[in-house]
Each structure stands twice: as C-alpha cells, then as structure tokens.
Amino acid sequence: MPSGKVPFIALYLRGREAPALARALLALPGSIFAYVDMNKAYILAQYPCDLLHDVFSLASVADVEAPLGILTMKLGFKAKSPKLWWFLNKVGRRYEWRWPVEALVESRS
Numbered sequence: 787m788p789s790g791k792v793p794f795i796a797l798y799l800r801g802r803e804a805p806a807l808a809r810a811l812l813a814l815p816g817s818i819f820a821y822v823d824m825n826k827a828y829i830l831a832q833y834p835c836d837l838l839h840d841v842f843s844l845a846s847v848a849d850v851e852a853p854l855g856i857l858t859m860k861l862g863f864k865a866k867s868p869k870l871w872w873f874l875n876k877v878g879r880r881y882e883w884r885w886p887v888e889a890l891v892e893s894r895s
C-alpha cells in the first residue's frame, strides 16, 4: 500500500493471548510481520482504515493489553539503507570488510 495514504502502525501486545492474536492479525491484508514471544507480541502493519474496526474488535475480546497504545509512523516515511559497498575494499578478485581505524588528532590548547 502507498505509505503516503495509509500509515504504518505498530502494536506491542502483552497478555496470555497475545501470541494467538498476533497470528490472527497476520492473516489480515496489510500485515507486514510479527515478532511473537511467550505472552508478548509486536506487530507491524499497514491496515486500511476500513479494517481497523476489525483489528480493534479482535483485540477487545482477547486477553491482551497494549501498554504503548497504537504507534503510528509519519505518512510518507522513507527509510534509507546504507550502501554496503562503502564499507568494502577490493583485494584482488574479492572484497573484504573495511574496518574503522582510530586516528589521533592533536588539539590546540
């Protein structure tokens, strides 16, 4: 879905039924991923507005709480990943990681 029209939401759930609710929410269109642990779950999704009522209906009947509420990302959010080749040196026909080197800088006092 276009991030300029439908915001990303994150839900952190705690409770006995949090893993089951996270798995149920993953079946809805717009779900991106979920991390599930014992009695905890974190869900990232981009649900259309007409589905939010269903999401909240499911959450209201489950034995869960959302201590952080609903976390939303700014519309039009764009993430940039680093260009990994900036951190590589070509050695012959292969590449090696370029590790950072500390440099001593003298300051004027």
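Final position of the sequence shown in this note's numbering is 895; the numbers increase by one with none missing.
All residues carry an ideal CB built from backbone N, CA and C; glycine is no exception.
All figures in this text were calculated on a predicted structure; none of them were measured in a lab.
| Under the three-state reduction of DSSP, which class applies to F873: helix, strand or coil? | helix
| field | Reference D836, options E888, W885, E892, V792, closest by Cα | value | V792
| query | What do you reckon, are the CB atoms on L797 and I829 nearer than 8 Å? | reply | yes
| query | Thinking C-beta only, is A831 closer than 8 Å to P805? | reply | no
| field | Contact under 8 Å by Cβ, D840 with E803 | value | no
| request: Under the assumption that L874 contacts W883 (Cβ atoms under 8 Å), give the Cβ distance between them as a whole number of angstroms. | output: 7 Å
| task | Just the C-alpha distance for V887 and T858, rounded to the nearest angstrom, thanks. | result | 39 Å
| said: Measuring straight from C-alpha to C-alpha, what distance separates V847 and K860? | reply: 29 Å
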